[in-house]
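If you're matching positions, the sequence shown starts at 235 in our numbering and goes up one per residue.
All C-beta atoms, glycine included, are put in the ideal place defined by N, C-alpha and C.
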Amino acid sequence: MLAITGSMNIWFIANVNDMRMGRRRLIDIVKDRFPNPYNGDMFAFMSKNRQLMKLVRYENRMYMLYELEYERGYKFMHPVYEDGCVTHFQLDFKYLVALLKCPVVSKLSIIGC
């Protein structure tokens, strides 16, 4: 079960679009960019087409990987940081909830009679 609280630090890792990576590769990216990834923070990665999001977290001596994917025609919103050259930035809890619960419709199919 995905358990996220408002007291948790959530980091969005930008410019990592290859979602074929497994848990180990994503964990290596987190370890390279953060001095202490074992403090319960959650790290979010999004695919280039914004249909897939992976969340990585370390808790109780184990890594957890959550994979979230929308159906065809829906996407995650694209979080944009004001300074476009950053490799990661912290998301407020409310923004993560908006990302997870407010899909963007990429195509509207209308079926006629």
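Between the CA atoms of residue j and residue i - distance to the nearest angstrom
i: Arg-296; j: Lys-309; result: For the record, residue 296 in the displayed sequence is Met; it is not Arg. If you take the alpha carbons of Met-296 and Lys-309, they lie about 29 Å apart.
i: Arg-259; j: Asp-266; result: 11 Å
i: His-312; j: Arg-284; result: 7 Å
i: Leu-333; j: Tyr-300; result: 14 Å
i: Asn-273; j: Ser-241; result: 12 Å
i: Ile-238; j: Asn-294; result: 15 Å
As assigned by DSSP and simplified to three states, the class of residue i
i: Ile-263; result: helix
i: Val-290; result: strand
i: Leu-302; result: strand
i: Leu-200; result: Outside the shown range of the chain, which is 235 to 347, sits residue 200, and nothing can be said about it.
i: Lys-282; result: coil
Bounding residues of the beta strand (DSSP E) (the contiguous stretch that carries residue i)
i: Ala-248; result: Neither: Ala-248 is in no beta strand (DSSP E) and is coded neither H nor E.
Integer Cβ distance of residue i from residue j, believed to fall under 8 Å
i: Ile-261; j: Val-250; result: In fact, because the Cβ distance is near 12 Å, the residues do not count as touching under 8 Å.
i: Met-298; j: Arg-306; result: Between Arg-306 and Met-298 the Cβ distance is about 27 Å, and since that is not below 8 Å, they are no contact.
Start and end residues, alpha helix (DSSP H) containing residue i
i: Phe-327; result: 327 to 335
At least 3 beta-carbon pairs within less than 8 Å: the segment 325 to 335 vs the segment 239 to 250: yes
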